[in-house]
Amino acid sequence: MSVESANESVTEPVSADRFAREGLAVLHRLTESARADVSDAATLIADCVRADGVVQAFGTGHSQAMVLELAGRAGGFVPTNRIQMADLVLFGGDHPGGLDDPLLEREPGIAVRLYELAAPRPQDLFVVVSNSGVNNVIVEMALHAKERGHRLLALTSLAHTHSVPATHPSGKKLADLADVVLDNAAPRGDALLELPGGGAVCALSTLTGVMLVQMTVAEAAAQLLASGDRPPVYVSANVPGGFEGNLELEKRYAGRIRRTAS
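Just so you know, the UniProt record's numbering puts 78 at position 78 of the sequence shown, and the rest follows in order with no gaps.
This is the structure we're talking about:
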């Protein structure tokens, strides 16, 4: 083996600098490649807001980070609602111990119950987030929302979802059901940096998912402004008057959006 070939076969060591460089490179490519999909996703949100709808956001596990990025945060839209597994306890009366079951996400009927607890209106948009796009509760929620006539925006990793089999009895994956798909560009398994001897470290989907969510929010706000509509957005509750102003905006969606302590 030549010296050049030997050097090429050596993998760069894992480091903070390497993750920052490679992660930023993915972000840079994503901001260019996702523009059309972001515009389409923003149109779904802007249409929902104009129709007096609520953006119903759902994800499990670490995908909840993107749900929190979209629903109920400073600089985001007021008509947004976070659907979470804890709703079964908070609003459905289930025993808290049920949330300790690591297989709860695979149980049939859970998504239908969560949907019913949220009590969405026909004009509400569903945003479903899952890196793999194959978990039972994720696909069940997407299917149920579509069957009820809602538009569906998916945030997922196409690289991951295309490399694994469907597990839902329908044979469908999240990306198969969505009106618009935002691909977070995360690799199969999510982790970006390969380790010597196998495995990988440093998940990417949160970094890229947040970028896609905020690009979409910005574009949706631009579309609303272009049509003469004032985007209903939150101000930080930690600035003077912010909390009171937010409460006033929320009155329009009373009973339709939930703002729990966690």
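Beta carbons: idealized from backbone N, C-alpha and C, even for Gly.
Residue span of the alpha helix (DSSP H) that contains residue i, given as start and end
i	result
Glu32	Ala16 to Ser33
Val137	Asn136 to Glu147
Ala159	Leu158 to Thr161
Ile110	Ile110 to Ala118
Ala220	Ser205 to Ala226
Asn246	Gly242 to Glu250
Asp176	Leu174 to Leu177
Ala65	Gln64 to Leu70
Identified DSSP bridge partners for residue i
i	result
Phe126	Gln56 and Leu152
Ile83	Phe58
Val233	Phe77
Val201	Leu193
Buried versus exposed call for residue i [16 or more other C-beta atoms within 10 Å across all chains shown]
i	result
Asn135	buried
Glu69	buried
His150	buried
Val49	buried
Asn7	Note that Asn7 has pLDDT 42, beneath the 50 cutoff, so the model's placement of it is unreliable and the number below is only indicative. Counting Cβ neighbours within 10 Å, Asn7 comes out exposed, since fewer than 16 surround it.
Ser9	Any reading at Ser9 must be qualified, since the residue scores a pLDDT of 43, below 50, and its modelled position is unreliable; no value is offered.
His95	exposed
Ser2	Bear in mind that the predicted position of Ser2 carries a pLDDT of just 46, short of 50, making it unreliable; the figure below should be weighed with that in mind. Ser2 should be labelled exposed.
Glu248	exposed
Pro169	exposed
Gly76	buried
Thr260	exposed
Arg35	exposed
Straight-line gap, residue i to residue j (C-alpha atoms, nearest Å)
i	j	result
Ala254	Val78	11 Å
Asn238	Leu103	38 Å
Phe243	Leu195	46 Å
Thr161	Val112	23 Å
Ser130	Gly61	9 Å
Pro108	Val137	7 Å
Leu101	Ala41	Checking the sequence, you will find Asp at residue 101 rather than Leu. The alpha-carbon atoms of Asp101 and Ala41 are separated by roughly 34 Å.
Thr156	Lys146	17 Å
Asp229	Ile110	37 Å
Ala154	Thr11	34 Å
Phe91	Ala16	42 Å
Phe58	Gln84	6 Å
Glu4	Ala20	With a pLDDT of 46 at Glu4, under the threshold of 50, the modelled position of that residue is not reliable, and the figure given next carries that caveat. Approximately 26 Å, taken between the alpha carbons.
Lys172	Ala166	6 Å
Leu27	Met211	8 Å
Val139	Arg18	35 Å
Glu193	Glu250	Inspection of the sequence shows that residue 193 is occupied by Leu rather than by Glu. Whole-angstrom Cα-Cα distance: 43 Å.
Arg258	Leu99	19 Å
Start-to-end residues for the beta strand (DSSP E) that takes in residue i
i	result
Glu194	Ala191 to Glu194
Val181	Val180 to Asp183
Anticipated Cβ contact below 8 Å, residue i with residue j, distance rounded
i	j	result
Leu177	Leu152	6 Å
Ala118	Gln56	6 Å
Thr208	Ala186	6 Å
Val54	Thr80	7 Å
Ala25	Tyr234	The Cβ separation is near 32 Å, so there is no contact.
Ala46	Leu224	5 Å
Gly133	Ala175	5 Å
Val201	Val14	6 Å
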